[in-house]
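A short write-up of the structure that comes next.
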Amino acid sequence: MSEKSNLFAKNVSGFAFASLITKLLGYARDVLLVAFFGGGALTDAYYAAFRLVNVFRRTAGEGAINAAFIPLLEKERAKSEEDAKAFFSSVWTLILCVSAALALAGILLRRPLVKVFTGGFAANPEQFALTALLTAVLMPHLIFVNAAALVQAALNAARRFFAPALAPAVFSLSIIACLLFMHAGFAASLNPAHKMTLLAAVASASGLAQLAVLAPMIRKEGFCLGLSAPGRAINGAQALALAIPAAAALAQDQLSMLINTVYASFLAPGSITAIYNSARIVQFPVSLFAVSAAAVSLPELSRMSAISGDKRANAATLEHAFKTTALIMLPAAIGLVFLSLPVSRALFEHGRFTYEQSALTSQAILFLALGLPAFGANKIAVSAFYGAGKNTLPIKVLFLQLGANALLGFPLMRAMGLKGLMLATSLSSWGAAVFLLSRLEKDTGFSGLGDKRTFLKIAAAAAAMGFAVMAVKLSFERFLSPAAMTALGVASGLTVYFWALKALGCEDRKLVTRGLF
């Protein structure tokens, strides 16, 4: 591989490793939560409230901030470092003010929000009231986590990926600590609803700790975290106004899950918890590799656009990003389809979480995993359009995808229940991916994977892996525990997959193996 390929792979690997640590802590958090509280109406209330906050968080923060802010920061840096620092200060002030306003609005409008987005809870007044309370408690989290997201974006623009990607682990560690304290007998006098409210308060406050971890890093880069003059904040608002709406396209997965939450509030208790847990599993490879590739490639794409404006100059970076994503997403999708039940049981079936709840979660995993390659492709494609300065197309595709999700969701839910909701998300995401990739090829001449033979080799190796996993599952599932079955299935599948890639002469496998195989 070229020096540029090696650098890209190194940055993606560093970001992905930090994300892996964060995600593993996140799964430990989720497992402990359902083990302690179960997977019924109580956790449905928590996850419904958390979904509402998360949509604001993902749309106005995290990936959206990166997508909207980094290209603009690179343009300012192309002028001078002082212009870049002044722009950061103006956007920092803007983000704090807007996030505070959103949090306050969420607190004041908590009951109407819950009524709109979880209408099925109206039949259970206690669950409705708890969801509204949890929404209010979680809303202040927006202020700190959005501020932390902006700091992380500025650090990514400075080509610092590993340490900033670790910061979100503070959220999981805070909740894990709270759950362990409650398990040890602290807060024993509280009833389950009050314990859940305490947990939400800890989650809300964790955003401040996350920001505190990042603050020394951003100061070291020369940026100031003080508030800027109102005039500068207005300048930041004018610049971001053109980019923020389209940045919501990167929150497509969260918005799709919000639509599913609306429908699932009318299904059996535990359905919203199953949606949350299944999305966590399926989004794991997306967050680990597709988001990592997008985060690493976006600053470079933005820099090249800001300097040269040559739409073909980004082709190599895009090719690395798409290949890295495809090498992971296809086998991950096949593995989750065949191992959905043992994975669900191994991860979640502990404490108060029952087999029936595992089975419901596994059904959601299976049908959501069908869209996994599309989820990854969408992340990269949207970042590509941002890097090229095309900020309107992603939002148009977002609305089309969400509309398709909503239109397909209702009839499929009527016919298939929770499985239908997940299938609707997968189908609508595939439609968005096909459209985005076709437009990317039309606008840049880049076809997504460059050499089509690479994709065929990856698909063939993934198919071989699927047969191997299916054979192992049919042969050993009755004899092994869910954890052992998952471990054996993953190990055998990956072994077959990478040997197949090598046998087919797919040298691009080294993008994910770092040349070790």
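Each residue of the sequence shown is one higher than the one before, starting from 356 at the first, in this note's numbering.
Every residue gets a Cβ at the ideal spot worked out from N, C-alpha and C, and that includes glycine.
- Taking a contact as a CB-CB distance under 8 angstroms, the pair Asn501 and Arg384 does not count as one, their CB atoms being some 21 angstroms apart.
- Cβ-Cβ distances below 8 angstroms link Arg769 to Gly775 in the same chain, with the five nearest sequence neighbours on each side left out; the list follows chain order.
- Under the three-state reduction of DSSP, Glu711 is assigned to helix.
- Of Ala838, Thr747, Phe517, the smallest CA-CA separation from Met572 is found for Phe517.
- Going by beta carbons, Thr680 and Ile735 fall inside the 8 angstroms limit.
- Taking a 10 Å sphere around the C-beta of Tyr710, we find fewer than 16 other C-beta atoms and assign the residue as exposed.
- Around the beta carbon of Pro547, fewer than 16 other beta carbons lie within 10 angstroms, which makes this residue exposed.
- Inter-segment contact for the region 512–527 and the region 535–554 is absent: fewer than three beta-carbon pairs are separated by less than 8 angstroms.
- Proximity of the region 373–392 to the region 687–698 falls short of the contact definition, fewer than three beta-carbon pairs being nearer than 8 angstroms.
- Taking C-alpha positions only, Val506 is separated from Cys452 by approximately 15 angstroms.
- For Thr850, the secondary structure class from DSSP, reduced to helix, strand or coil, is helix.
- Here the C-alpha atom of Phe391 lies approximately 6 angstroms from the C-alpha atom of Arg707.
- The beta-carbon separation of Gly848 and Val867, rounded to 15 angstroms, does not stay under the 8 angstroms limit for a contact.
- Contact between the region 475–489 and the region 606–626 is present: 3 or more CB-CB pairs across the two stretches fall below 8 angstroms.
- For Thr473, no alpha helix (DSSP H) run applies, since DSSP gives it neither H nor E.
- Contact annotation, Ala555 with Val469: C-beta distance approximately 14 angstroms; criterion of less than 8 angstroms not satisfied.
- Scanning its chain for C-beta atoms nearer than 6 angstroms, with the 5 sequence neighbours on each side dropped, one finds around Phe740 the residues Leu748, Pro749, in chain order.
- The C-beta distance from Leu489 to Thr552 rounds to 7 angstroms, short enough to fall under 8 angstroms.
- Excluding residues up to 5 positions away in sequence, Leu497, Ile498, Asn501 lie with their Cβ nearer than 6 angstroms to the Cβ of Ser454 in the same chain.
- Ala787 is the residue among Gly726, Ala787, Leu782 whose C-alpha sits nearest the C-alpha of Leu753.
- Taking 8 angstroms as the upper bound for CB-CB distance, Met820 and Pro686 are in contact here, some 5 angstroms apart.
- Nearest C-alpha to Ala522 among Glu832, Asn511, Ala503: Ala503.
- Here Phe754 carries a helix assignment [DSSP, helix/strand/coil].
- Only residues of its own chain outside the window of five on either side were considered, and among them Asp608, Phe730 have a CB closer than 8 angstroms to the CB of Gln638, listed in chain order.
- Straight-line spacing of the CA atoms in Ile450 and Ser784 works out to 29 angstroms.
- Straight across, the Cα-Cα distance linking Ala701 with Lys434 is about 53 angstroms.
- Shortest Cα-Cα distance from Phe536 to any of Phe526, Val525, Lys550 involves Lys550.
- Burial check for Arg574: the Cβ neighbour count within 10 Å stays below 16, so the residue is exposed.
- Secondary structure at Lys745: coil, using DSSP grouped into helix, strand and coil.
- Counted as a single uninterrupted DSSP element, the alpha helix (DSSP H) harbouring Pro480 occupies residues 480–493.
- Across the set Phe370, Val617, Thr841, Leu727, the C-alpha of Leu727 shows the shortest separation from the C-alpha of Leu782.
- Annotation: the continuous alpha helix (DSSP H) that includes Ser445 extends over 436–463.
- In terms of Cα proximity to Leu762, the closest of Asn615, Ala629, Lys745 is Asn615.
- Counting only runs that start and end inside the region 608–650, the alpha helix (DSSP H) elements of at least 4 residues fall at 626–640.
- DSSP places Leu859 outside any alpha helix (DSSP H), giving it a letter other than H or E.
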